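Chemist: Please find one structure pasted underneath; my questions will follow.
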């Protein structure tokens, strides 16, 4: 079954905000960590998002794939850069990463159409 990654991204964003109402310090802390970790530095935000995407593929996290494909595009990553990131993740994670790499490719295809 093909996921609707735009909807998945929006649903997770809404749920994270809802969860933040119940545990604001935890979600606020996570959001601060995310901002600090992906801020421009020696590595660009784009590079950091591509690294996060590669990890998301190898740990098999659908939600993380949706977020990091979206955020990599927002940070200026090209389709070719995302596809190469998928390739590295497959090399590191084997067959299961190949399946989740296909999920990331589908997310990329959907998000590129939305632009």
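Numbering (my numbering), first residue to last: 14 to 128.
By construction, the Cβ of each residue, glycine as well, lies at the ideal position given by its N, Cα and C atoms.
Fair warning: this is a prediction, and the values are worked out from it, not measured in the lab.
1. Jot down the residue ranges of each uninterrupted alpha helix (DSSP H) in the region 36 to 110, minimum 4 residues, whole runs only, in chain order.
2. In this structure, does DSSP put residue 30 in helix, strand or coil?
3. Quick one: what does DSSP say residue 17 is sitting in, helix, strand or coil?
4. Could you give the distance in angstroms between the alpha-carbon of residue 94 and the alpha-carbon of residue 73?
5. If you draw a straight line from the C-alpha of residue 68 to the C-alpha of residue 45, how long is it?
6. Do residue 82 and residue 43 have their C-beta atoms closer together than 8 Å?
7. Let me check understanding here. Comparing Cα to Cα, which of 88, 89, 78 and 105 lies closest to residue 115?
8. Starting from the Cα of residue 89, find the closest Cα among 70, 99 and 63 and give me that residue.
Modeler: Reading from the atomic positions:
1. 37 to 51, 58 to 72 and 75 to 87
2. For the purposes of this step, residue 30 is identified with residue 17 of the chain shown, where counting begins at 1. Here residue 30 sits in helix by DSSP.
3. Numbered from 1 along the chain shown, position 4 holds the residue referred to as residue 17. The answer is coil: DSSP assigns residue 17 none of H, G, I, E or B.
4. Translated into the one-based positions of the chain shown, residue 94 becomes position 81. Translated into the one-based positions of the chain shown, residue 73 becomes position 60. Roughly 20 Å separates the two Cα atoms.
5. Residue mapping note: residue 68 aligns to position 55 of the chain shown, counting from 1. Residue mapping note: residue 45 aligns to position 32 of the chain shown, counting from 1. Rounded to the nearest angstrom, the two C-alpha atoms are 20 Å apart.
6. In the chain shown, counting from the first residue as 1, residue 82 sits at position 69. In the chain shown, counting from the first residue as 1, residue 43 sits at position 30. Result no, Cβ atoms of residue 82 and residue 43 do not sit closer than 8 Å.
7. Within the chain shown, the letter at position 102 stands for residue 115. Among 88, 89, 78 and 105, the Cα nearest to that of residue 115 is on 78.
8. The residue you call residue 89 lines up with position 76 of the chain shown. For residue 89, the nearest C-alpha among the options comes from 63.
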